[in-house]
Structures are given as structure tokens and as C-alpha cells.
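So in the numbering used here, spot 292 of the sequence shown is number 276, and the numbers just go up one at a time.
To start, the structure itself, in C-alpha cells.
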Amino acid sequence: VIRVPVPLGERAYDVVVGAGVRKLLPECLPPRAERVAVVTQAGIPAEVEPGCPSETFVIGDGEAAKSLATVAELTGGFARMGLTRADAVVGLGGGLVTDVAGFAAAAYHRGVPVVHVPTTLLGMVDAAIGGKTGVNLPEGKNLVGAFWQPAAVLCDTDLLATLPEREWRSGYGELAKYHFLTGEDLEALGLEERIARAAAIKANFVAADEREAIGGRRALLNYGHTLAHALEVCGRHDLRHGEAVGIGLVFAAELAHDLGRIDAGRVARHREVVAGYGLATEIPVALDRDEVLVLMARDKKAIGGIRFVLDAPAGLEVVPVPGDVVASTLARLGA
Ligand SMILES: NC(=O)c1ccc[n+]([C@@H]2O[C@H](COP(=O)([O-])OP(=O)(O)OC[C@H]3O[C@@H](n4cnc5c(N)ncnc54)[C@H](O)[C@@H]3O)[C@@H](O)[C@H]2O)c1
């Protein structure tokens, strides 16, 4: 079992990684908790034992269930079971469940404690850590939310036994990203150590810039995401988030190379890491270059042009890139 501290002062907590760590749930709950609301999904074959009376709320699958309507249902249920601020919510699921459960916990009674038990690799290395919670609107993804740090994150690697192949790939895309955030070698690590190391890297970025200030370090966690979001939003490519991030990482490296920031060897390293996780490195052939450019300009980080997180010998930084340079790299790569 590996304990990774997320050093956030009075909001500090641990991410605990290892086989069977969901059994630590009772000791992660507030000492006087009398009831627990467990939020999960029907397709997730995991269970937790909070050690006090609990009620389970099953929410829908897919991004359409990540909605204000689901939050209204959940918080209504919390009220009917008599959940108080001395009690707790538990998010047992992938990033969708922990985002929704976290936001419902942030909003109910203006904030009740939440413990996340992520059941996807993506949840363990990314979504359950760092306190970003929220839901989608018909107008766009993750448009309503709150920063609400969990009281603990229990990454029980036993729960990955049932994870579908496609969801592994999605988590691998985010894991690939961590290889480039600090320059350290993650390849030597086994799965448990790698998850813990990724959690620690994320924890450090979050601790340095909890609320993603303009120009702050947390934005660097979006490495590979500018093209990835555009690929996901245009919706024609049937890519899971991490699969899109894998392609986005390689594209960001190629773009940095075209801008003279990194050499060909560094680009090759990006391709090697992404391919090493069994992920595609090539831009989908059917990609519409003009559509993707418009979508990237609309990205929430597109303050004054298309902003990319780009690599350089001194490390990653957020850089505005002229549209014509992005277009020419896309064209060179066959889009
Ligand atoms: N808050 C953040 O910082 C953050 C970061 C990244 C992503 N996210 C959000 O996370 C969501 C994506 O999360 P995800 O990739 O985990 O997908 P997901 O939560 O939608 O889960 C994917 C599928 O796997 C199933 N599943 C989950 N665990 C399983 C298990 N152990 N066995 C079998 N099936 C299982 C789910 O029921 C679902 O059908 C998105 O909504 C995204 O916006 C949030």
C-alpha cells in the first residue's frame, strides 16, 4: 500500500493506492458519521463497506447522466435519508461518478465530506484527485461545477480486474501524459507504483495551484488536451478521452518541433511512450482540419489565440500558437 499526500493545508488528504484499500473506507469517514450515501453505477461490480448505515444511489451511464438533473435526484435522496454535514458521500466509480458525486457533495448543505473510491484507471490517476467536480450542460461539458477536495481517495487496484479493455486504454492516455510532466522515467515502475507516482505528480501540481489560476501551474496538467478536446467534441472519431490524449500528446510534440522548441529525438520519445501503452499516435485520417481549428480556438484556455501546453528543454509551458502554424503541422501529419 502506497500513501500519497495531497498537501493542501487544512484541506490536505491522502491518495491511498494498493490491492484491497477500499477496506480502509471506515477510517476515512468523519469520526461521527452516522450515515453514508454511496453514489455508483449499475455496470460497476464493486462494493464498499462504510461501517455505518448507508444508502446506495445508482446513477446513469454515459455523459448524458452527468447532469444537473442527476444532482437534483441525488441531493433529494440525501435529504430523504437524513444525511447531515457530519455524514459523508462516497463516490464509487469512474470519473463520471466521482465528478457528479463530488459536485452533489459540494452543493448539498453547502458542502458535506466526500471520499472517492475510483474504479477506473483514469479515475485513479486523474479524475478523483484534485477537487474538480461538476456536471455537463446541453451547452457544453463540465460547465457547472465546484472545487471540492475529497477527504480521501482510495485507489483499490483490485477493482481494475473488471475494467473493460477500452477503459484501460483511456487511463493509459492520461498515464502517458505523466511521463512528460516532470521528466522522470515511469517505465521502470509496476502498475501500483505507476498509479501512485502519477497521483503524486498530480498532487504536486494541484498543491501549487489548487484552483487553476490564470497562468498557474495546474494548466500544465492539460498537456496533450488541446487537440484531444477538439477530437472529442467533434464526436466523429469514437475516441475515449485517453485515446484522444495519446494523439494529442504526439501532436503537441510535433508542433513543438515545428516551432523549434524540441528536437526530433524528443518527438520520437513521445511516440514511443504513447505507442508503448498500445495507443494510436496518428491523427485520424478523416479529420477535418478547419473544424478542429475552430474547436481548438474555442477551448477554455484559448485566451488570445490557440494556447497549447508545449514541451521545451526547460520543461512544459503554456504558449499561444498562431493558427496557421497549427494548421501547417496538422497538414504535415496528414489531416
Ligand atoms: N475531475 C477531474 O479532474 C477529471 C479529470 C479527468 C476526467 N474527468 C471526467 O471523468 C469522466 C471520465 O471518467 P472515466 O474515463 O473513468 O469514465 P466513466 O466514469 O464514464 O467510466 C467508463 C465506463 O466504465 C465503467 N466502469 C467503471 N469502473 C468499472 C469497473 N471497475 N469495472 C467495469 N466497468 C467499470 C463505467 O460504468 C462506465 O461505463 C468524464 O466525465 C471526465 O470529464 C474528470
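Idealized CB from N, CA, C, for every residue including glycine.
On a predicted model such as this, the values are computed, not experimentally measured, just so you know.
*Leaving out five residues on either side along the sequence, give the residues of the same chain with a beta carbon under 6 Å from the beta carbon of residue 198.*
Within the same chain, residue 198 has no close Cβ partners at all.
_C-beta neighbour in chain C for residue 76, strict 9 Å_ = Structure shown: chain C not included; a single protein chain is present.
*asked:* Taking the alpha carbon of residue 76 as the reference point, which residue from 140, 66, 128 and 163 has its own alpha carbon closest?
replied: Among 140, 66, 128 and 163, the Cα nearest to that of residue 76 belongs to 140.
*Taking residue 83 and residue 48 to be in contact with their CB atoms under 8 Å, please state how far apart those CB atoms are, rounded to whole angstroms.*
About 14 Å; that fails the 8 Å criterion.
*Would you decide whether residue 194 is buried or exposed? Buried here means 16 or more other CB atoms lie within 10 Å of its CB.*
The C-beta of residue 194 has 16 or more other C-beta atoms within 10 Å across all chains shown, which makes the residue buried.
*In three-state DSSP terms, what is residue -15?*
Three-state DSSP puts residue -15 in coil, outside helix and strand.
*asked:* Within a Cβ cutoff of 6 Å, which residues of the same chain sit near residue 241, ignoring the five residues on either side of it in sequence?
replied: Taking C-beta separations shorter than 6 Å and ignoring five residues to either side along the sequence, the partners of residue 241 in its chain run 251, following chain order.
_Let me confirm a value: residue 34 is counted as buried when at least 16 other C-beta atoms fall within 10 Å, else exposed. Which label applies?_
Taking every protein chain shown into account, the CB of residue 34 has 16 or more other CB atoms within 10 angstroms, so this residue is buried.
*Report the three-state DSSP secondary structure of residue 38 (helix, strand or coil).*
Note: residue 38 maps to strand in three-state DSSP.
*Can you tell me where the alpha helix (DSSP H) with residue 231 in it begins and where it stops?*
First-last of the alpha helix (DSSP H) with residue 231: 225 to 242.
*Comparing the CB of residue 154 with every heavy atom of ligand 1, is any distance shorter than 8 Å?*
With a cutoff of 8 Å, residue 154 counts as near ligand 1, since its C-beta is closer than that to a heavy atom of the ligand.
*Quick one: is the Cβ of residue 188 within less than 8 Å of any heavy atom of ligand 1?*
False, no ligand heavy atom lies under 8 Å from that Cβ.
*asked:* Pull the bridge partners of residue 118 from the DSSP assignment, please.
replied: 129.
*Since residue 102 sits in a beta bridge, which residues does DSSP pair it with?*
Per DSSP, 77.
*Kindly indicate which three-state DSSP category residue 24 falls into: helix, strand or coil?*
Strand.
*Return the residue from the list 21, 67 and 166 that minimises the CA-CA distance to residue 301.*
With respect to the C-alpha of residue 301, the residue from 21, 67 and 166 having the closest C-alpha is 166.
*How big is the Cα-Cα spacing for residue 73 and residue 92?*
Approximately 10 Å between the Cα atoms of the pair.
*Three-pair Cβ contact test at 8 Å for the region 15 to 31 versus the region 217 to 232*: The region 15 to 31 vs the region 217 to 232: no contact.
*C-beta atoms of residue 86 and residue 102 nearer than 9 Å*: Cβ atoms of residue 86 and residue 102: not closer than 9 Å.
*Going by Cα to Cα distance, which pick from 55, 13 and 1 is closest to residue 24?*
Residue 55 is the option with its Cα nearest to residue 24.
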